[in-house]
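Numbering of the sequence shown is given in the working numbering, commencing with residue 13 and proceeding in unit increments.
Everything below concerns the one structure shown next.
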Amino acid sequence: MSEIVIQNNDLILNVSRSYDINNFDINKYEGFLDRLCSNRYYQKEAIKNICVYLLGGRYKNLEDLARENYNSNPFLKEKHGNIDNFIKNLQLKNKLSCNIDLATGTGKSFVIYGVAQIMLCEGKIDRVLVLCPSNTIQDGLTEKFKLLATDKDLKKLLPTDSAFKNPRIKQADGTIEVGDICIENIHSTYKNTKSAIEDSLINNGENTLVLNDESHHIWTNPNRENSDLKKWFEFLNDKDYNFKYIVGFTGTPYIKDQYFSDIIYRFSLIDAIEQKYIKTPDYISDSEIKIDKDNRMQIIYQNHLKNRNKYFKIKPITIFISKDIKHCKIDRENIIDYLVKNESISKEEAEKKVLIITSHKDHKTQENLNLFKTVNEKSNPVEWICSVAMLTEGWDVPNVFQIVPSEEKAFNSKLLISQVIGRGLRIPQEYSGDTIHVKILNHTKFSENISHLVDEVLEKEEKLYSYPVKEKEGLFFPIYNLKYSEEQFEIEKEMVGEYNFERLKKEGINLPADLAEESLKITYSSIGDSENQIIEDYSIKRETIKIDILANDIFNRIKNWDIELETNYSEDYDFESIKEILQKSLDKRGIKNITKEIATKCLQAFGTLKRFGNKNVRYELKPKSLDKLEIFNIGKSGISLSTIKKQKGYVFYDENSFKYSENDDKGNLKNLTEEIGPKFLINISNSFLFKTPLNLIHTISTPEKEFITELIKEENSKFIEGFIKSKDRGFYNFKYTYRKGEHPTTENFNPDFFIKSGNNIIVIEIKGNESGRNNASDLIKNRAKYEKAKFHFNTLNNYLKENKIDFNYHFHFCRPKDYKTFFSYLKSGNIDKYLSSLDYNYEQNDISDSDIKKIENFNDINLTKLFNDKWDLLEERTKIFLTTAEKNYFDNKDNSKYNFSGAEIIKSFETELRWKLFDNIRDDEELSYKIIDEEKGKDKYINQKLINFLNFKNDFIDLGSMENAMRYNSEVKNFLKDNFYGLNNLPDIISKLRTKYRNEDSHGEKVISKSEFEELRNLILFGDGILIKFIGYF
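Okay, here's the thing in structure tokens:
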């Protein structure tokens, strides 16, 4: 039999409509339900299901219903295995109990009231107790129930022979009498709490209907000691009350990750969104620039104005969810200040527009509560609400059209997503039936997590999971990491004379171009339909500063530094001279407004003297001890089925994947085998070659797929005892640091593969063949990863040796071009001698940070010194390259003629030159590195790019563009003559290379002699040494 894929809808318990209508006839309430539920059909269906279950007489208790469904539902059998396991999962199996799954925002309160009223009318019970977890919900339900109970038109539709047609709506501050609907907070049920519940309901449980709102609170963790959750469950199960009829209502029916076993009706979030009963939330999935505290409020305010214009029938509201009360106050003040500045209103007027609601006594005033109750009304001035965690159950603000989670919370937890989804989605009556959106201004870096979490909350995305299985424990092997501790130390910098500002006076400060106002595009993805993306345009005004204020600030800093460092800079650099330098710098770049970024660059330029003699505080991570990791604790790693079906991911599996995987994964894998071809779903016919303790392996990376393919080849598998593909984060990691602009950035490095071969543990990080060539940022990060990994695993090996643990770790970067060589070394037992092509590149990192610093502050002296320092090494490296080219391209059988393309070696050398340049440039967050195609732009554009590049301020130029620019533009040529020793001859050398060795025959190749090759080599090496020097400069 094929495996079954189980979804939540498959677990709903069906209440049979085959029952004796003499016991109960639901049709008598058709008119009542039509008016109560209006066009919300799902509310009516939920009420009918509950009442038929409770009153139809077919079922004595929940166990009856469960057994009937188990016998007819194969999904229940597949999930639970046998009937006894299923019955054990039922919390109140001896009572007529059940739960209803209604998405938050779909009107559970109407269903609760409808069930209460019908049960009272039927006379099977004579009172109703509605329990809820908070005062907010209690107040909301009480108000709504009173309106419904006094609705004369609704009451007329009830049967004339009803037992209790006019229920009193009350709370438990007085006796609960026959015919009452009592709405109470769960805390009122505790026996040490003063309320009328105990006196009124003891021994009356069989005549009382108990309705539990937000019932997930009851079951979430009923075993916790001294918890409210446990007390709620104990109250329902108390023999002194002996309740018979118990119904729960929730939008999140889970115990841990398991769906409730007693759901008899479901209307999910995705159903509600698709059928336009609630709003569609849109979250930020991408942004052109980083959204920070400087532009965030502008984006929020522009969204608010757009909502005002779009939803003009009502008053749109924006809600801020703050980290805590302190930050909530700060958010409120920031909004008020922004409104004062941008709406030209007084602070008093702005304060009326911003409402703060927290648990603090100053915020829980009656005035604030009254404002909140009427917040949807246009006459109420409030447009902005600040809260902490009160955006939870019981709030009813349908006018919310924008939600702003704090940056700390970052919309990155299921709880917060559920709160946002639940509270921001109710559609105002004025727009009922329309497709309405609510914007969520999350942090962009969490967008991938958000998409994943939202899919889980909506149960939208099915996944196939990889994880260790105990049945394959023979393939487990120990993995060791290091624990690090952070240590602080100071570096004393020697003061040598005073800093010379003559160059700054003469040339000014080299500033990047900048604008005081810029356009910004933000991409939003819709929850429930991630393919639907909305791009919004924003105009961002950047904070500016007047030149006099900046000059005065710099001057005051210089005076303070004079006192601290015992220097006399302020005598030479007074306010006027500083202002003159600033103005010259601004004019040079055509800058009219000084933004914060420009001001920072100016402060940094003058700040060099402060750094000229000072102490630097550094932090360093130092290894502390061994940390043994167990593969069995690696956890689950999932890939969405849609990714595989779209042929954007790969899965490796064998016959054991069906034996040892969990039922859902067995079913999903089985279905995939019927839909997906072998290119993306790779079946390993011989399971002895699949030497991993994981049930299966998945990846979205083609280079990783190719590496796994090599791992499972018979000729390679013989030399492997086990391997795992590690998780992208969370299992094995260590920190590494790289420079991003002027500041170091620290991140976690999670290697891809761990392979056991004898006592060797080989750790592999997979990259593509073009890794780093088109992205200098990745190159810098990968080099830093490599350097840290070598240190980490060398240190780890020393620790293992000291502790007499017989394992030796080897780390390598690998690209597909390296795979055959890697496995050859593995099979020959020489893995300790292996060095991949990327390893080699990163091992050759001979340009130090101090050299980079010299380049950043370059002058003729530094440049010449740098050439001299690196000359021998770079010349040797170039000779090695040419020797390799000769070996690769020449047929040594013929000593006079060689089957060799002159064009090919020139192309190869230019590629090598570009790669060496890339290989030694340090990244800066303001720089973008890319190869400019000379065919894509005019000479003027290319020339400017070249100047910018040589100034270390912009893009990388290929040799063709460089040649054109230098040949045809005197400005560029003069710039090079003035700034770079010897480089003005570069176009002539390149021209000779192109002319002499690119005269190709009809086949695109030219047969040249060895003497011609020697001439070519000498020209490259010794033609003023220009090409070597050009590499050496970087």
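Every residue, glycine too, gets a C-beta built ideally from N, C-alpha and C.
Residue closest to residue i, alpha-carbon to alpha-carbon, out of the options
| i | options | result |
| --- | --- | --- |
| Asn197 | Ser212, Thr148, Ile188 | Thr148 |
| Cys144 | Leu132, Asp165, Ala161, Gln183 | Gln183 |
| Phe384 | Asn411, Lys359, Glu361, Ile214 | Asn411 |
| Lys730 | Ile303, Phe489, Asp830, Ser836 | Ser836 |
| Asp740 | Tyr750, Asn668, His710 | His710 |
| Leu527 | Glu555, Tyr550, Asp113 | Glu555 |
| Asn605 | Leu494, Asp560, Ser713, Ser582 | Asp560 |
| Leu170 | Phe324, Lys105, Leu77, Tyr41 | Tyr41 |
| Lys136 | Ser200, Asp151, Val222 | Val222 |
| Phe765 | Ala175, Ile778, Asn771, Glu474 | Ile778 |
| Asn760 | Lys322, His804, Lys725, Leu701 | His804 |
| Glu57 | Ile342, Lys845, Tyr277, Asp639 | Tyr277 |
| Ser713 | Leu160, Asn781, Lys596 | Asn781 |
| Lys640 | Asn815, Glu519, Arg515 | Asn815 |
| Lys797 | Leu812, Ile776, Lys671 | Ile776 |
| Glu218 | Asn224, Gln270, Glu632, Asn249 | Asn249 |
| Tyr54 | Thr154, Asp283, Leu166 | Asp283 |
| Thr330 | Ser174, Thr535, Leu23, Leu367 | Leu367 |
| His229 | Asp211, Glu246, Thr220 | Glu246 |
| Gly679 | Gln616, Ile767, Leu476 | Leu476 |
CB of residue i within 9 Å of CB of residue j, strictly
| i | j | result |
| --- | --- | --- |
| Cys49 | Phe122 | yes |
| Asn707 | Asp676 | no |
| Phe413 | Asn319 | yes |
| Ile547 | Asp294 | no |
| Asn810 | Ile773 | no |
| Asn101 | Ser273 | yes |
| Arg1089 | Val416 | The structure shown does not extend to residue 1089, since the chain spans only 13 to 1046, so no value can be given for it. |
| Ile651 | Ser478 | yes |
| Val400 | Ser444 | no |
| Lys793 | Phe746 | no |
| Pro490 | Ile646 | no |
| Thr704 | Lys725 | no |
| Ile209 | Ile195 | no |
| Glu483 | Lys648 | no |
Limits of the alpha helix (DSSP H) - the one that residue i falls within
| i | result |
| --- | --- |
| Arg554 | Where Arg554 is concerned, there is no enclosing alpha helix (DSSP H), given that its DSSP letter is neither H nor E. |
| Arg180 | Where Arg180 is concerned, there is no enclosing alpha helix (DSSP H), although the beta strand (DSSP E) it sits in stretches over 180-182. |
| Leu693 | No alpha helix (DSSP H) holds Leu693; the beta strand (DSSP E) holding it covers 693-695. |
| Phe587 | 587-601 |
| Asp76 | 74-84 |
| Leu153 | 147-161 |
| Tyr65 | 53-67 |
| Ser840 | 831-840 |
Supposed close pair residue i, residue j - CB separation, criterion 8 Å
| i | j | result |
| --- | --- | --- |
| Ile258 | Ser109 | 4 Å |
| Thr118 | Tyr289 | 6 Å |
| Asn81 | Leu74 | That belief does not hold up - the Cβ atoms of Asn81 and Leu74 are roughly 11 Å apart, past 8 Å. |
| Tyr585 | Asp574 | That belief does not hold up - the Cβ atoms of Tyr585 and Asp574 are roughly 10 Å apart, past 8 Å. |
| Ser769 | Ile732 | 6 Å |
| Lys613 | Ile521 | 7 Å |
| Leu516 | Ile593 | 6 Å |
Continuous beta strand (DSSP E) stretch holding residue i: start and end
| i | result |
| --- | --- |
| Leu532 | 529-538 |
| Arg320 | No beta strand (DSSP E) holds Arg320; the alpha helix (DSSP H) holding it covers 308-322. |
| Gly650 | 649-652 |
| Ile342 | That residue, Ile342, is in no beta strand (DSSP E); its alpha helix (DSSP H) goes 337-355. |
| Gly734 | 734-737 |
| Phe332 | 329-333 |
| Glu226 | First-last for Glu226: undefined, no H or E at that position. |
Identity of the residues DSSP links to residue i by a beta bridge
| i | result |
| --- | --- |
| Thr262 | Asp113 |
| Thr714 | Note: Thr714 sits in no beta bridge, so no partner. |
| Asn772 | Ser769, Asn820 |
| Leu221 | Val140, Tyr257 |
| Thr607 | Thr556 |
Proximity test, residue i beta-carbon vs the ligand FAD heavy atom, cut-off 8 Å
| i | result |
| --- | --- |
| Arg70 | The ligand FAD is not part of the structure shown, which contains no ligands of any sort. |
Any C-beta of chain D under 9 Å from that of residue i
| i | result |
| --- | --- |
| Thr377 | Included in the structure is just one protein chain, with no chain D present. |
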